[in-house]
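*Asks:*
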Amino acid sequence: MSIRRFAANYVFPVDEAPIKNGIVEVDEQGSILSVYAPSNPDALHSTEFHNGAIVPGFVNAHCHLELSHMHGRIAKGLGLTEFVRHIGQQRQAPAEQITQAIDNAIGQMHQTGTVAVADICNTTHTLRTKQQSDIAFRNLVEVFGIHADEAQKAYANALSTHKAFAAQFADTAIVPHAPYSVSDRLWQLLRPHLHGLTSIHLGECMAEYELIERQQGELYNRYNHIYTNYSVPTGGTPEKVIERNLPANCRPLLVHCTYTHPKTLHTLSQRFAQTTVVTCPESNLYLEGRLPNLPEWQRLQLHIAIGTDSLASASTLSMLHNINLILDAFSTLHFTEVLRWATLNGAVALGFDTYLGSITIGKRPGLCLIDHFDFTHLRPTAQSGVRKLM
Ligand SMILES: [Zn+2]
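Its first residue numbered -19, the sequence shown is counted upward by one per residue in this note's numbering.
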C-alpha cells in the first residue's frame, strides 16, 4: 500500500483540536490513516510540506446550481421580493447556456475544495453534470405553489423531476420552498414525502412575516394582485406553518433565517429528529444587506451549517469566501467553530458524515490547503486561497 503524507503549519481535523505542524497520512484512495504532530519531522520520508492550514473538504449545505447562468445578472440590494421576480423572468435561457454555466459552477466548487452539496432542483438541468462529478450531492427537488389551484401541477412537476434524480442519487427528496410560497393544498400533497432529509427557506425577508402574520407587505400585495381568491398559508407565523406541516421525523435544513428570532429557531429546532440551520452569508448580504445573528445561534447551540446559495446572488461558490465573511462580520466567532459549520455539521446534516466532514481515521474527507493563513489569529485572510491536495 502506498502512503502519502501531507504536512502543514496547522492541521484542522475539526473533530479534535488544531494540530500545530501536523501531518496527515492517507492511502491511495484518500482514506485517513493517521493524523498527528510528529516528534521528529525530519525522520519522515516522502512528506509533502505545505505553507498554510490543512482542512477537510467543505460541505455546502445550500445551493441552486441550476441558476448559475444568472451570475451577475441581478443587481445587488433589490431585496428578496424583487429578486424572486427576476429569477422567474430569467429562468428561460438557451439550454446550452444553462448547462455550460452549471458545468463551470461545479468545476469551481471542486477547485475550491467542496466535496458535498445540498442542491435545490426545480428542473433536471444539473443531472448530467452531477453524475459525472466527484462531488457528493443531495438533490432536493423543490415545490413552489402560491395558490391552491397551482398545487396539482406543481406537485406533478416535482414528481417527475424527483423520479429522474432518484434513479441516480440516493436520498433525493421533494421539499417545500418556503412557508409563504406553499399553499395549504400543496402541503397536503407533499405530506407522504416529508420524512428524513428536507429543506425549507425561512425568514429570508421581512415581507414573509408581514404576509403570514398580518396579510400585508410587498409579497402579500403582489400575490393578492396576481391571484383572485388568494389566501395565505394557515399557521399564523412562518415557524407555525413549518410546525403544522413538517412531521417530527424530518431532518430539516432551515435555510437563511436572517429575520427569524434566534429563540424561535431554537424552539423550532427541538421539534425534529435533527434540525440544521443553514446560513448563506454572501447571498444574505447581496439581497438584503444583513446577516443573521450567528453568535447568538452559536450561544443557543443550534446545529449550524453554511451554504453559498446560487450564483444569482453570490460572486462565488467558494465556501472559504463565506467563512471569511462570517469571521469578518463577527469577531467573537473563531475559525475552528466556523470551519466545523462548513464541514462536519454539513456532512452530518446531509448524512455524509460516515466518510466526509472531518480528518478522522477511516474517513475519506478530501484534504484542502488554505494558504496565506494568519497563524497569529488562526484564521484565513482576504488573500487566502484554497486548493485540493487530495
Ligand atoms: Zn435558496
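We put the beta carbon where it would ideally sit given N, CA and C, even for glycine.
Note that the structure is predicted; figures quoted are calculated from it, not measured.
Should D83 be listed as close to ligand 1, given that the test is whether its C-beta is under 7 Å from any heavy atom?
*Replies:* Taking the sequence shown and counting its residues from 1, one reaches residue 83 at position 103. Checking the Cβ of D83 against ligand 1 gives no.
*Asks:* What does the Cβ neighbour count give for D99, buried or exposed, with the cut at 16 atoms within 10 Å?
*Replies:* Walking along the sequence shown from the start, residue 99 turns up at place 119. The residue is buried, with at least 16 neighbouring Cβ atoms inside 10 Å.
*Asks:* Please enumerate, following chain order, all residues with a beta carbon closer than 6 Å to at least one heavy atom belonging to ligand 1.
*Replies:* H42, H44, I100, H181, V235, D289
*Asks:* Using DSSP's beta-bridge definition, name the partner residues of R118.
*Replies:* Taking the sequence shown and counting its residues from 1, the one referred to as residue 118 is at position 138. DSSP lists A98 as the beta-bridge partner residues of R118.
*Asks:* Apart from the five residues on each side of it in sequence, which residues of its chain come closer than 6 Å, Cβ to Cβ, to E5?
*Replies:* What you label residue 5 is simply residue 25 of the sequence shown in a count that begins at 1. Once the five neighbours on either side are set aside, the close Cβ partners of E5 are I(-17), R(-15), L13, S14.
*Asks:* Kindly indicate which three-state DSSP category Y210 falls into: helix, strand or coil?
*Replies:* Counting from 1 along the sequence shown, the entry for residue 210 is found at position 230. Coil.
*Asks:* With DSSP as the reference, identify every bridge partner of Y335, one or two as the case may be.
*Replies:* For this step, residue 335 is matched to residue 355 along the sequence shown. DSSP output for Y335 lists no bridge partner at all.
*Asks:* Spell out the partners DSSP gives R(-16) in its beta bridges.
*Replies:* As a working note, residue -16 is residue 4 in the sequence shown. Bridge partners of R(-16): V6.
*Asks:* Between L336 and the rest of its own chain, which residues show a CB-CB distance below 6 Å, the 5 nearest in sequence each way excluded?
*Replies:* Translated into positions along the sequence shown, residue 336 becomes position 356. Excluding residues within five positions, the ones whose Cβ falls inside 6 Å are V95, A96, A327, P345.
*Asks:* In whole angstroms, give me the CA-to-CA distance for T152 and N264.
*Replies:* Along the sequence shown, one-based indexing puts residue 152 at 172. Along the sequence shown, one-based indexing puts residue 264 at 284. Rounded to whole angstroms, the separation of the alpha carbons of N264 and T152 is 26 Å.
*Asks:* What did DSSP end up calling L174 once you bin it into helix, strand or coil?
*Replies:* As a first step, residue 174 is located in the sequence shown; it is residue number 194 there, counting from the start. Coil, per DSSP.
*Asks:* Within the continuous beta strand (DSSP E) that includes R344, where are the two ends?
*Replies:* On the sequence shown, residue 344 is found 364 positions in, with the first residue counted as 1. No beta strand (DSSP E) holds R344; DSSP gives it neither H nor E.
*Asks:* Do the stretch 307 to 326 and the stretch 74 to 93 make contact, defined as three or more Cβ pairs closer than 8 Å?
*Replies:* When Cβ pairs closer than 8 Å are counted between the two stretches, the stretch 307 to 326 is seen not to touch the stretch 74 to 93, the count staying below three.
*Asks:* By the three-class DSSP mapping on this structure, what secondary structure does Y189 have?
*Replies:* Taking the first residue of the sequence shown as 1, we reach residue 189 at position 209. Note: Y189 maps to helix in three-state DSSP.
*Asks:* Opposite P360 in the DSSP bridges: which residues?
*Replies:* The residue given as residue 360 occupies position 380 in the sequence shown. P360 is bridged to F353.
*Asks:* Just reading off the beta strand (DSSP E) that R231 is part of, what are its end residues?
*Replies:* Mapped onto the sequence shown, residue 231 falls at position 251. Unbroken beta strand (DSSP E) run through R231: 230 to 236.
*Asks:* Measure the Cβ-Cβ separation of N304 and I286 and say whether it is below 8 Å.
*Replies:* Residue 304 sits at position 324 when you count from the first residue of the sequence shown. Residue 286 sits at position 306 when you count from the first residue of the sequence shown. For N304 and I286, no; Cβs fall outside 8 Å.
*Asks:* May I have the straight-line CA-CA distance separating W321 from L60, to the nearest angstrom?
*Replies:* Here residue 321 corresponds to residue number 341 of the sequence shown, with the count starting at 1. Here residue 60 corresponds to residue number 80 of the sequence shown, with the count starting at 1. Answer to the nearest angstrom: the Cα atoms are 25 Å apart.
*Asks:* Please report the Cβ distance between G197 and L191, rounded to the nearest whole angstrom; I am assuming they are in contact, meaning their Cβ atoms lie under 8 Å.
*Replies:* Position 217 of the sequence shown, counted from the start, is the residue given in the question as residue 197. Position 211 of the sequence shown, counted from the start, is the residue given in the question as residue 191. Correct: roughly 6 Å between the Cβ atoms.
*Asks:* By DSSP, does I306 sit in helix, in strand, or in coil?
*Replies:* On the sequence shown, position 326 is the one that residue 306 refers to. Reduced to three states, the DSSP call for I306 is helix.
*Asks:* In its own chain, which residues sit with a C-beta less than 7 Å from the C-beta of H246, not counting the 5 before and 5 after it?
*Replies:* Counting from one through the sequence shown, the residue named residue 246 turns up at place 266. L280, L282.
*Asks:* Consult DSSP for H30 and reduce its assignment to one of helix, strand or coil.
*Replies:* Residue numbering aside, residue 30 sits at position 50 when the sequence shown is read from its first letter. Of the three classes helix, strand and coil, the one that applies to H30 here is strand, per DSSP.
*Asks:* Taking only three categories from DSSP, how would you classify K56?
*Replies:* By 1-based counting over the sequence shown, the position of residue 56 is 76. Judged by DSSP in its simplified three-state form, K56 adopts coil rather than helix or strand.
*Asks:* Quick check on this structure: which residue in L170, V155, T312, A128 has the alpha carbon closest to the alpha carbon of T208?
*Replies:* In the sequence shown, counting from the first residue as 1, residue 208 sits at position 228. Checking every option, the nearest Cα to that of T208 belongs to A128.
*Asks:* Check for me: the beta strand (DSSP E) holding P156 runs from which residue to which?
*Replies:* Position 176 of the sequence shown holds residue 156. Start and end: 153 to 156.
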